[in-house]
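Quick note, the sequences are listed as chains A and B, same order.
In terms of our numbering, the first sequence is numbered consecutively and its last residue is 83.
In terms of our numbering, the second sequence is numbered consecutively and its last residue is 1213.
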Amino acid sequence: MSTVEALSCQEIVELVTDYLEGALAPDEHARVEKHLAGCTKCDAYLDQIRMTIRLVGRVDATSLSAEAQRGLVEAFRSFGTHT
Amino acid sequence: MVEFAADDAQLVAALRAGDEATFGRIVDEWSGSMLRVAQIYVSSRAVAEEVVQETWLAVVRGLAQFEGRSMLRTWVFRILTNTAKTRAQREGRTIPFSALRDPARVPEPAVDPDRFHEAAHARWPGHWASPPTRWDTLPEERLLGEETRGVIERAIEELPPSQRAVITLRDVEGWNAEEVRNALEVSESNQRVLLHRARAKVRKAIEEYVEET
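Quick look at the structure:
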């Protein structure tokens, strides 16, 4: 294990999503953790990605117009019950 | 999970009983992400809106046949992708399915390579030359303010359609990876590639905004 070459920061930024998704093999996961523990810069990058995820969670995807929505509810009503 | 299934059964029961408020609510809540999924397949926002409306009409007509073997949302999104694909064919549009099937074919670095030392660097190959700053030291409203929200919304709008759909379902709507995989019919690894690129671009947009003077 100790003979495995350490990951560079440039490699780490490409592994961040797999890391957060728990999609890395155990040894790869351990290499990423080891790098993060010793690299404040990559740790800051990971923090930025986590914050990005949080901030994206606060936006809304623009829905259909109110008019289109009303039309659909009307269609639903005119279709009657659905059993 | 069990609770979720119970919620789903309640939802279906309410719709079958003709509960307009419930129908109106899910139309409002789901249509935003449905539009973004439709836009993977069709050429414009306007056509995507038609696809989403057509989907809801098919849902209304098909509710009685819905067997509850999948979640209602899964079923609705399956109708959506089928409707969108049919529409795309009619438009004579050969869908850039490769964007879903093989996103890794074209490499897209998460961070500008110029921000790292070259691989041949004597001491720090591939290490940060221009490192990211810590955002947790920024005044909170800089990140949480209305302007930042606008920056993020624009960044998402500007993403390629497949990346936009994945980040919308995962990070805006909070779906899990498997649900997204099923809805978009993408492999697990392609789903992650698309999510990775989408998040990286939104991060970059936030970085550019918070670090400008």
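Cβ atoms here follow ideal geometry from the backbone N, Cα and C, with glycine treated the same way.
Quantities reported herein were computed from a predicted structural model and do not represent experimental measurements.
Out of B:LEU1072, B:VAL1059, B:VAL1037, which has the shortest C-alpha to C-alpha gap to SER63 of chain A? Counting from one through the first sequence, the residue named residue 63 of chain A turns up at place 63. Nearest option by C-alpha distance: B:VAL1037.
Review point. Taking just the CA atoms, how far does GLY1032 of chain B sit from ALA1017 of chain B?
Key: Taking the first residue of the second sequence as 1, we reach residue 1017 of chain B at position 17. Taking the first residue of the second sequence as 1, we reach residue 1032 of chain B at position 32. Each residue's alpha carbon lies about 25 Å from the other.
| said: Assess contact between the segment 1122-1130 of chain B and the segment 1073-1084 of chain B, defined as three or more Cβ pairs (one per stretch) separated by less than 8 Å. Is contact present? | reply: With a cut-off of 8 Å, the segment 1073-1084 of chain B and the segment 1122-1130 of chain B do not count as touching, because too few Cβ pairs lie within range.
In chain order, what residues of the same chain lie with their CB nearer than 8 Å to the CB of MET1001 of chain B, ignoring the 5 residues before and after it? Position 1 of the second sequence holds residue 1001 of chain B. Reliability of the predicted coordinates at MET1001 of chain B is poor, the pLDDT of 38 falling under 50, and the value obtained from them is presented with this limitation in mind. Result list for MET1001 of chain B: empty, nothing under 8 Å.
**Prompt:** Less than 9 Å separating the beta-carbons of PHE1116 of chain B and SER8 of chain A?
**Reply:** Translated into the one-based positions of the second sequence, residue 1116 of chain B becomes position 116. Translated into the one-based positions of the first sequence, residue 8 of chain A becomes position 8. Closer than 9 Å, so yes.
- Message: Here's the rule I'm using: 16 or more other beta-carbon atoms within 10 Å means buried, otherwise exposed. How should ARG1105 of chain B be labelled?
- Response: Taking the second sequence and counting its residues from 1, one reaches residue 1105 of chain B at position 105. Counting C-beta atoms within 10 angstroms of its own C-beta, ARG1105 of chain B has fewer than 16 neighbours from the protein chains shown and is therefore classed as exposed.
- Message: I'd like to confirm the pairing. Which residues does DSSP put opposite PHE1116 of chain B in its beta bridges?
- Response: Numbered from its first residue, the second sequence carries residue 1116 of chain B at position 116. The partner list for PHE1116 of chain B (beta bridge, DSSP) reads B:TRP1128.
**Item:** First through last residue of the alpha helix (DSSP H) which encompasses SER1033 of chain B
**Value:** Within the second sequence, the letter at position 33 stands for residue 1033 of chain B. Membership of SER1033 of chain B in the alpha helix (DSSP H) is indicated by the continuous run 1020-1041.
Open item on the list: Taking the alpha-carbon of GLN1163 of chain B as reference, which of B:ASN1190, B:VAL1012, B:LEU1063, B:VAL1052 has the nearest alpha-carbon?
Closed with: For the purposes of this step, residue 1163 of chain B is identified with residue 163 of the second sequence, where counting begins at 1. Residue nearest to GLN1163 of chain B within the set B:ASN1190, B:VAL1012, B:LEU1063, B:VAL1052 is B:ASN1190 (criterion: CA-CA distance).
ALA1084 of chain B versus chain A: which residues are under 8 Å apart at the beta carbon? The residue labelled residue 1084 of chain B in the question sits at position 84 within the second sequence. Contact note: ALA1084 of chain B does not reach chain A at a C-beta cutoff of 8 Å; the least C-beta distance is about 15 Å.
Checklist entry - Apart from the five residues just before and just after LEU87 of chain A, which ones in its own chain have a Cβ nearer than 7 Å to its Cβ? => result The structure shown does not extend to residue 87 of chain A, since chain A is modelled only from 1 through 83, so no value can be given for it.
query: Going along chain B in order, which residues have a C-beta closer than 8 Å to the C-beta of GLY57 of chain A?
result: As a position in the first sequence, residue 57 of chain A is number 57, starting the count at 1. Correct list: ASP1171, VAL1172, GLY1174.
Worksheet item: Start and end of the alpha helix (DSSP H) containing TRP1075 of chain B?
Response: Taking the second sequence and counting its residues from 1, one reaches residue 1075 of chain B at position 75. Taken as a continuous stretch (DSSP letters only), the alpha helix (DSSP H) holding TRP1075 of chain B covers 1072-1090.
ask   = What does GLN1053 of chain B reach in chain A if we use C-beta pairs closer than 8 Å?
value = Within the second sequence, the letter at position 53 stands for residue 1053 of chain B. Identification of chain A residues near GLN1053 of chain B by a Cβ-Cβ cut-off of 8 Å yields LEU64, ALA68, GLY71, LEU72, ordered along the chain.
Below 8 Å on the Cβ atoms is my contact criterion, and I expect GLN1010 of chain B with ALA68 of chain A to pass it. Report the Cβ-Cβ distance as a whole number of Å. The sequence position of residue 1010 of chain B within the second sequence is 10, counting from 1. The sequence position of residue 68 of chain A within the first sequence is 68, counting from 1. Beta-carbon to beta-carbon, GLN1010 of chain B and ALA68 of chain A are separated by about 26 Å, too far to satisfy the 8 Å threshold.
Legend entry - ASP47 of chain A: first and last residue of the uninterrupted alpha helix (DSSP H) it sits in: For the purposes of this step, residue 47 of chain A is taken as residue 47 along the first sequence, with counting starting at 1. Run containing ASP47 of chain A: 40-56, per the alpha helix (DSSP H) assignment.
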